[in-house]
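The numbering of the sequence shown is the working numbering, which starts it at 1 and goes up by one. Data block below; observations after.
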Amino acid sequence: MIIAFSKDYLDVVLVPGGLLIIFVYHLILLHRYLNQPLTTVMGYENRDKKIWVDRAGDKTEVQSALTVITSNITAATYLSTFSLTICSLIGTWIASSSASRFVPNEIIYGNTKPTIISIKFICLITSFLLAFSFFVQAARHFVHANYLISTPGPVGHLRNKVEAAVTRGGEFWSIGLRALYMALSLLLWFFGPIPMIVSSVFMVIILYYHDFKKLDDDQKDW
1 MIIAFSKDYL DVVLVPGGLL IIFVYHLILL HRYLNQPLTT VMGYENRDKK IWVDRAGDKT
61 EVQSALTVIT SNITAATYLS TFSLTICSLI GTWIASSSAS RFVPNEIIYG NTKPTIISIK
121 FICLITSFLL AFSFFVQAAR HFVHANYLIS TPGPVGHLRN KVEAAVTRGG EFWSIGLRAL
181 YMALSLLLWF FGPIPMIVSS VFMVIILYYH DFKKLDDDQK DW
């Protein structure tokens, strides 16, 4: 009886714990990004984007700049389409009678009640929908930057707007990717709460080495 009780309530303890780990990590990342941007990869890339925008303002480089922006639009559109397609497939799977047999209950060490299974599907769909929304916003900002760069005449006075649009598009792109990372952890939840929290911990460790960087001496004055 005690083993069954513990097994059923593992989802209540471990899944919120895994989500909390991811949430706290991104709060720390946001704080560093806002206050010490060059100690984060996103902030460092924003500096490079500023340099790129300054060069793209030259009329001789407009075509190359438009090519770069177009490639970003294509990538954001592709990932938004991918996210929406996955949502549609999950919805179709839920509507079918085999949804409850996605993973055999025998290999799941956790709660296998239909209510929990439904919550898993809802969380997974929500994550992909958020990714879709963020990628659409990224594409929107890149399209706006495309318009600004291709504006006839001198574009020097538009450089700040182009930089803001490109930077904001990159931010939405990064958030969309993190929504997909979250979806991966939620997908592993179908195999039980233990794989979910383990994947959350490993994801945070990997993201830490990807998101943070040391501030070099040549960057401190930027």
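Note that beta-carbon positions come from the ideal geometry of N, C-alpha and C, so glycine has one too.
Specify, as a first and last residue, the run of the alpha helix (DSSP H) that residue i falls within.
i    : result
S80  : V62 to A95
I108 : Counting along the chain, I108 falls outside any alpha helix (DSSP H), and DSSP gives it neither H nor E.
H26  : L10 to N35
F191 : Looking at the DSSP string, F191 is not in any alpha helix (DSSP H), and its letter there is neither H nor E.
Just to check my reading of the structure: residue i and residue j have Cβ atoms closer than 8 Å, yes? What is that Cβ distance to the nearest angstrom?
i    : j    : result
I174 : S185 : Correcting the residue type first, residue 174 is Ser in the shown sequence and not Ile. Not confirmed; about 17 Å, so no contact.
I149 : L38  : Actually they are not in contact, since the Cβ atoms of I149 and L38 sit about 26 Å apart, beyond 8 Å.
F142 : S83  : At roughly 17 Å, the Cβ-Cβ gap does not stay under 8 Å, so F142 and S83 are not in contact.
G169 : F134 : Contact flag wrong, Cβ pair sits at about 10 Å.
I197 : G18  : 4 Å
E171 : V53  : Not really, about 15 Å apart at Cβ, beyond 8 Å.
F240 : I108 : In the structure displayed, the chain extends from 1 to 222; residue 240 sits before or after that span and is not available.
V24  : P193 : Wrong, their Cβ atoms sit about 18 Å apart, outside the cutoff.
Just how far apart, CA to CA, sit residue i and residue j?
i    : j    : result
A4   : A95  : At A4, the pLDDT of 49 sits below 50, so the modelled position is not reliable; the number obtained from the coordinates is stated separately. Cα-Cα distance, rounded: 30 Å.
Y181 : L207 : 10 Å
K213 : Q137 : 27 Å
N72  : T40  : 21 Å
V68  : G91  : 35 Å
Y147 : L30  : 29 Å
A179 : L130 : 7 Å
Y33  : G43  : 6 Å
H26  : D11  : 22 Å
L188 : R159 : 44 Å
L79  : A139 : 10 Å
K49  : I22  : 27 Å
A75  : P152 : 26 Å
L20  : K120 : 17 Å
R55  : N35  : 27 Å
C123 : Q63  : 42 Å
N46  : T77  : 21 Å
F132 : I125 : 10 Å
I117 : K161 : 46 Å
M203 : H157 : 42 Å
T81  : W93  : 18 Å
D8   : N111 : 4 Å
When DSSP builds the beta bridges, which residues end up paired with residue i?
i   : result
T40 : F212
Query raised in the report: In chain order, which alpha helix (DSSP H) runs of at least 4 residues are fully inside the segment 134-202?
Result: 159-189
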